[in-house]
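Under the working numbering, the first residue of the sequence shown is numbered 139, with each subsequent residue one higher.
For every residue, glycine included, the Cβ atom is placed at its ideal position computed from N, Cα and C.
Working notes, beginning with the structure itself.
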Amino acid sequence: MRRTITGFSNPAVKQLRLLRDKKHRRAQGRFLAEGLRLLTDAREAGRLPEMLVMAQGREPHPLLTALEDAVAQAGGEIVETSAAILSRITGKDNPQAVAGVFAEFDCSLERLDRSRAPIWLVAQALRDPGNLGTLLRTGDAVGAGGLILIDECADPFSVEAVRASMGAIFTQHIAQARWEAFLPWLRAGEGQLVAASLGDDALPYRAAPYAAPCFILVGNESRGLPADYEAACDIRVTLPMHGRADSLNAAVAGAVLAYEALARITPARASGGG
Numbered sequence: 139m140r141r142t143i144t145g146f147s148n149p150a151v152k153q154l155r156l157l158r159d160k161k162h163r164r165a166q167g168r169f170l171a172e173g174l175r176l177l178t179d180a181r182e183a184g185r186l187p188e189m190l191v192m193a194q195g196r197e198p199h200p201l202l203t204a205l206e207d208a209v210a211q212a213g214g215e216i217v218e219t220s221a222a223i224l225s226r227i228t229g230k231d232n233p234q235a236v237a238g239v240f241a242e243f244d245c246s247l248e249r250l251d252r253s254r255a256p257i258w259l260v261a262q263a264l265r266d267p268g269n270l271g272t273l274l275r276t277g278d279a280v281g282a283g284g285l286i287l288i289d290e291c292a293d294p295f296s297v298e299a300v301r302a303s304m305g306a307i308f309t310q311h312i313a314q315a316r317w318e319a320f321l322p323w324l325r326a327g328e329g330q331l332v333a334a335s336l337g338d339d340a341l342p343y344r345a346a347p348y349a350a351p352c353f354i355l356v357g358n359e360s361r362g363l364p365a366d367y368e369a370a371c372d373i374r375v376t377l378p379m380h381g382r383a384d385s386l387n388a389a390v391a392g393a394v395l396a397y398e399a400l401a402r403i404t405p406a407r408a409s410g411g412g
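And the structure:
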């Protein structure tokens with residue numbers, strides 16, 4: 139179905155604007171993604187928006203044509219509107235020429251197949267959507283199976299997290315769980331849990347015996363991991379800090395550990411470049 143929206147007061151505009159709020163995203167079971175590159179990544183990963191919203195007067199582009207055709211063939215809705223209304227929807231003064239509305243993914247632990255990848259990223263109480271998006275990008279880069287969010291984390295479907303993921307939200311599996319559910323799930327099968335730690339008894343990160351499937355756990359940006367969470371891990375590793383800072387950014391630490399684990403577990407793959 140194709141239609142044109144010309145007025146700011148159109149009910150559809152209000153519903154789309156509400157997707158910028160977590161409560162309403164959960165209520166609708168949908169989220170917003172913006173930009174041709176990001177939506178193309180979604181299409182190539184096999185995920186199409188339920189609704190495609192395009193600015194009138196946009197420049198023609200073959201990727202946009204391919205996206206539009208794919209959404210139409212799948213029975214999705216295509217909406218054309220003004221750049222001003224699209225700006226109201228996305229909350230950006232200079233919005234991209236296209237945005238998409240996607241159904242939220244199933245984020246249950248039970249749907250994860252831990253054998254599908256040698257590395258998984260896990261984040262506990264991560265509060266910054268930019269860090270969350272960066273971890274998704276890291277997971278995509280290292281070929282991780284996905285990102286598991288423990289306890290109360292930033293919403294992976296927020297506009298900020300989706301934008302920061304640079305399309306990786308569509309290539310990485312996402313799961314959300316409380317620690318009390320995650321740990322029994324992990325211990326019910328194969329999996330090594332490696333904590334990023336500041337503890338004196340932690341191993342240097344390059345000396346740790348990583349093994350697949352390796353679940354790399356980083357903690358809250360300001361507090362790190364709770365002591366009992368660290369104690370439940372198989373290995374605790376630390377990164378050297380040669381300056382005045384006492385720790386790295388959580389997403390940066392996760393990236394460093396992910397690449398180190400990848401190099402140790404699958405050296406041939408890690409040397410493939412990219």
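Nearest residue (CA-CA) to residue i, options the options
i, options, result
"P256", "D278, H199, E242 and P267", "D278"
"I286", "R316, R361 and V191", "R316"
"V191", "P200, G173 and N269", "G173"
"R249", "A340, P187 and L324", "L324"
"R158", "L224, A261, A319 and A396", "L224"
"A346", "R175, A396 and R155", "A396"
"A333", "A261, L270, D289 and P294", "A261"
"A132", "A292, D289 and R275", "Outside the displayed range of the chain (139 to 412) lies residue 132, so it cannot be described from this structure."
"R185", "K161, L363, G392 and F169", "F169"
Chain-order list of residues whose beta-carbon lies under 7 Å from that of residue i (same chain, five-residue window excluded)
i, result
"G167", "A241 and E242"
"E182", "none"
Check whether residue i and residue j have beta carbons under 7 Å apart
i, j, result
"P267", "S296", "yes"
"V375", "Y343", "yes"
"W258", "F353", "yes"
"H311", "G284", "yes"
"G327", "R265", "no"
"A235", "G271", "no"
Where residue i falls, given that 16 or more other Cβ within 10 Å makes a residue buried
i, result
"T144", "exposed"
"A180", "buried"
"S335", "buried"
"V239", "buried"
"E368", "buried"
"M379", "exposed"
Same chain, Cβ closer than 6 Å to residue i, neighbours up to 5 away in sequence not counted
i, result
"A350", "P256 and I403"
"E218", "T142, M192 and Q194"
"E215", "M139 and M189"
Residue i versus residue j - alpha carbon distance
i, j, result
"A263", "Q314", "11 Å"
"A237", "L201", "13 Å"
"M304", "L273", "11 Å"
"V171", "I307", "The sequence shown places Ala at residue 171, not Val. Whole-angstrom Cα-Cα distance: 10 Å."
"K230", "L177", "17 Å"
"D372", "G357", "16 Å"
"A208", "Y348", "42 Å"
"G411", "L331", "Interpretation of G411 is limited by its pLDDT of 48, a score under 50 that renders its predicted location unreliable; the figure taken from the coordinates is listed afterwards. Straight-line Cα distance between these residues: approximately 27 Å."
"E318", "T203", "46 Å"
"L154", "D339", "50 Å"
Proximal residues to residue i (C-beta, below 8 Å), its chain only, five neighbours per side dropped
i, result
"Q211", "none"
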